[in-house]
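Residue numbers (this note's numbering): 5 to 157.
For glycine and all other residues, C-beta sits at the position ideal for the given N, C-alpha and C.
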């Protein structure tokens, strides 16, 4: 009876060992398959990231040109008009210049993301209360009064 029990124990141990080896082989195959899949996905991601960077760069350059022209014409108009323009017209020009500066900053940010492939660290410390005050001020409704003769007239 002891011999039969030992033989049965050997058979079970051999079967368990064979099962464990098959399981390890499958696990190794699965690990290799997953590593290959991961490498393939990493390559796809790198290609997509490169394409996105090229697209962002092209878009930022395309957007920057008209903003630069708009800002430059507004600067020329402001410099050449001197005291000819009334206060409202001066404010309009200042608003155009501020809007152009903001748009240029956004375009520059897009371009830096395209160059680096990710967001960059901020240039300095931002005072949250000042930033919030600035945002709230920019969101206030404004009445714009245009003289009956038009701007500057």
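Output the boundary residues of the alpha helix (DSSP H) element that contains residue i.
i           : result
residue 143 : 132-143
Helix, strand or coil: how does DSSP classify residue i here?
i           : result
residue 86  : coil
residue 129 : coil
With 16 other CB atoms within 10 Å as the buried threshold, where does residue i fall?
i           : result
residue 179 : Residue 179 cannot be examined here, being either before or after the span of the chain that is shown, 5 to 157.
residue 80  : exposed
residue 111 : buried
Below 6 Å CB to CB, which residues in the same chain sit around residue i once its five sequence neighbours on both sides are set aside?
i           : result
residue 104 : 71, 74, 75
residue 115 : 64
residue 49  : none
residue 145 : none
Am I right that residue i and residue j are in contact with their C-beta atoms under 8 Å? What's the rounded C-beta distance?
i           : j           : result
residue 108 : residue 62  : Wrong, their Cβ atoms sit about 17 Å apart, outside the cutoff.
residue 135 : residue 101 : No, residue 135 and residue 101 are not in contact; Cβ-Cβ is about 20 Å, not under 8 Å.
Spatial neighbours of residue i within its chain, please: CB distance less than 7 Å, with the 5 preceding and 5 following residues excluded, ordered by chain position.
i          : result
residue 31 : none
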